[in-house]
Every structure is written in structure tokens, then in C-alpha cells.
Amino acid sequence: MSRPPQVDRRDADGFRRDAKKHLGQNFLHERSVVDRIVLAINPRPGDHIVEIGPGQGALTFPLLDRHGALTAIEFDRDLLQPLAAAAQSHGTLTLVPADVLSVDFSALAAGTPLRLVGNLPYNLSSPILFHALEHADAIVDMHFMLQKEVVERMAAPPGNKVYGRLSVMLQAYCTVTPLFTVGPGAFRPAPKVDSAVVRLVPRAPAQVGIDDPRRFADIVRAAFGQRRKTLRNALHGVLDGDAILAAGVRPDARAEQLHVDDFIRLANLRAP
Ligand code: SAM
Numbered sequence: 580m581s582r583p584p585q586v587d588r589r590d591a592d593g594f595r596r597d598a599k600k601h602l603g604q605n606f607l608h609e610r611s612v613v614d615r616i617v618l619a620i621n622p623r624p625g626d627h628i629v630e631i632g633p634g635q636g637a638l639t640f641p642l643l644d645r646h647g648a649l650t651a652i653e654f655d656r657d658l659l660q661p662l663a664a665a666a667q668s669h670g671t672l673t674l675v676p677a678d679v680l681s682v683d684f685s686a687l688a689a690g691t692p693l694r695l696v697g698n699l700p701y702n703l704s705s706p707i708l709f710h711a712l713e714h715a716d717a718i719v720d721m722h723f724m725l726q727k728e729v730v731e732r733m734a735a736p737p738g739n740k741v742y743g744r745l746s747v748m749l750q751a752y753c754t755v756t757p758l759f760t761v762g763p764g765a766f767r768p769a770p771k772v773d774s775a776v777v778r779l780v781p782r783a784p785a786q787v788g789i790d791d792p793r794r795f796a797d798i799v800r801a802a803f804g805q806r807r808k809t810l811r812n813a814l815h816g817v818l819d820g821d822a823i824l825a826a827g828v829r830p831d832a833r834a835e836q837l838h839v840d841d842f843i844r845l846a847n848l849r850a851p
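To convert, take the position in the sequence shown, counting from 1, and add 579; that gives the numbering used here.
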């Protein structure tokens, strides 16, 4: 049986019409949402703006129109040529064909801290956020579109039912400001979930006050790994009850009741 001929379904601008689900491709088409994001970013002269996942350029071209130059990291090689071609009439686009998780933001900054932006692939949002935290001192701020539920977790206060590891890790290093929500209809194809735009502004290292980032991350992970347990039990083998008390925290408290500062004091405790 002969196969039907392969049809390469591309639009006039060279972009394929079908989105790649495994790359989290939900392309933004609602112009009013794009305008609100660009307004929130408010590009200023001299800014080094880096977009993660430019896709078909929904944010890229309006940002180029405003700012004149942009770096964009895109994993899907099929998008590179049409992006480069379409960008020519908007400004200078430097494309980095890479998995964003392999990009060294500190090296990319090369002395001019970055403003990261992106409508992120939702399947990778937490790894991208943690990767950015590792380079927080090379980042001025971040404006990301994410699943609304993830933004709620990022910004949740202690005691909230979605307060957890992501909330503590991000709030320890950044100011987290949810900006606005976006419905599924703004994207093609429409995702099954609501989305939200969030602004993250990394704090200066002296303001953060964490002595050992790895130990801090380990303690937060252990505390929330067993969130129903008391801290004394959840941190068994890491810190004992007396040490927890010495940090000014009740050993019978649960992780979800602790403030970010409590976790920082626990992690900064030195062995006597
Ligand atoms: N910015 C476009 C928009 O708003 O329409 C596209 C957003 S789409 C939700 C996510 C984009 O991230 C896609 O272009 C996808 O190919 C890209 N992407 C997925 N995984 C990636 C990775 N590991 N590194 C870089 N880009 C990635």
C-alpha cells in the first residue's frame, strides 16, 4: 500500500501550523495579552532582554518593536529559520538554539544582568525556575507566563494549602508578584488550564542571608517531603529537636506553618 504524500503544513510566514505538544507549544495569539505583558516588562534603554521559548514570535516581535534588540533561546529547530526571517523587519534578534536548562545565564549576561521573559513550556516550568535561581545574581527580573496554579503556589503565604517547596525556594530569593490571569482562549492550541503572568525580582545576596544554598535547599526539601509530619520527624537525621528550638522554631510545628525566615534560620544553624 502506498503512503499518502507528506504534507508540510506551513503558513505563508514559514511557521508550521501544528504545535508540538511535547515542547509545551501553546502559542499566544491574543494581542491584548501580549500588550499587557510588554507593558509589564517595560523595556528600558540598555536592558539585556532574553526570551525563553520565542515560538512563533508572539512576544518576540512586539518586544523587538519596542526595544530594538533581543536574545531568544529556542529548542525547536524548526522555528529558528522562520523566526530569524520574520524578525528582520522588527529589530536585531540573536537566536540561541538550545535547551534553556543547558544555558549558563551568568555567561550569557557577560556583565550586563538579564531581564528574562517568556511564555514558558508548562511541562518545564519548575526546572526553568530552579535553573534561573541558580543564576539569580545575573538576573535583574523575570516576567513569565505560567500555569495559574503554579503562580498561586509560587506566591502562597505560610498556612495556605498550596504553600510548599516552590513557594519557599522562590520567595527566599525573589520578590514574587502575580500580575494577571489569562484564559485558555488566548492560546493556540488552547491549554486545558488557566494561565497567569508573574514578576520575579531577585534579591541582592546580602538581603537573602542564606549561608549555604545547598543546605537551605536540602532542609526545605526534607521539611516538605513529609509535610504532614512535625519538623522534628521530617528533619530527623538533619536537625534534632534542640537544634530546631535553637533556631527559634517549634519542633512540633509542620513545614507549612513556617515562614521563609524560619527556614533560613534552620539552614544557617552551625553545629555547636
Ligand atoms: N513565546 C511563544 C508564544 O507566546 O506564543 C511560544 C510559547 S510556547 C508556550 C513555549 C515555547 O518554548 C515553544 O516555542 C517551545 O518550542 C519552547 N521550548 C520548549 N522547551 C524548551 C526548552 N527546553 N528550551 C527552550 N525552549 C523550549
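C-beta: ideal position from N, C-alpha, C; glycine also.
Subject >> residue 617 versus residue 795: straight-line alpha-carbon distance, rounded >> reply: In the sequence shown, residue 617 corresponds to position 38, counting from 1. In the sequence shown, residue 795 corresponds to position 216, counting from 1. Cα-Cα distance, rounded: 34 Å.
**OP:** Could you please give the first and the last residue of the uninterrupted alpha helix (DSSP H) stretch that includes residue 786?
**Re:** Here residue 786 refers to the residue found at position 207 of the sequence shown. That run of the alpha helix (DSSP H) goes 784-787.
Original post:
Between the region 775-783 and the region 728-736, do at least 3 Cβ pairs fall closer than 8 Å?
Top reply: A contact is defined here as three or more CB-CB pairs under 8 Å, and the region 775-783 meets this definition with respect to the region 728-736.
Original post:
When the Cα atoms are used, what is the spatial distance from residue 625 to residue 693?
Top reply: By 1-based counting over the sequence shown, the position of residue 625 is 46. By 1-based counting over the sequence shown, the position of residue 693 is 114. Those two C-alpha atoms are separated by around 10 Å.
Subject >> Neighbourhood of residue 823 by C-beta distance below 8 Å, restricted to the same chain and skipping five residues each side >> reply: Locating residue 823 in the sequence shown gives position 244, where the first residue counts as 1. Answer for residue 823: 810, 811, 814, 829, 830 and 845, listed in chain order.
Original post:
Taking three-plus beta-carbon pairs below 8 Å as touching, is the region 588-606 in contact with the region 632-640?
Top reply: Flag = yes, the region 588-606 and the region 632-640 touch.
Original post:
Near residue 914, which residues of its chain fall below 6 Å by C-beta distance, leaving aside the five closest residues on each side in sequence?
Top reply: No information on residue 914 is available, as it lies outside the stretch 580 to 851 that the chain covers here.
Original post:
What runs of the beta strand (DSSP E), each 3 residues or longer, lie entirely inside the region 707-779?
Top reply: The qualifying runs are 718-726 and 753-761.
**OP:** Can you say whether residue 859 is buried or exposed, counting buried as having 16 or more other CB atoms within 10 angstroms of its CB?
**Re:** In this structure the chain extends from 580 to 851, so residue 859 is not present and cannot be described.
**OP:** Could you tell me which residues DSSP puts in a beta bridge with residue 694?
**Re:** Here residue 694 corresponds to residue number 115 of the sequence shown, with the count starting at 1. In the DSSP output, where bridge partners are listed per residue, residue 694 has 628 and 720.
**OP:** Can you give me the Cβ contacts of residue 682 inside the same chain, cut-off strictly under 7 Å, excluding the 5 residues immediately before and after it?
**Re:** By 1-based counting over the sequence shown, the position of residue 682 is 103. For residue 682, where only same-chain residues beyond five positions count, the Cβ hits under 7 Å are 652 and 675.
Original post:
Relative to the ligand SAM, is the shortest distance from any of its heavy atoms to the C-beta of residue 590 smaller than 7 Å?
Top reply: For this step, residue 590 is matched to residue 11 along the sequence shown. Of the heavy atoms belonging to the ligand SAM, none sits nearer than 7 Å to the Cβ of residue 590.
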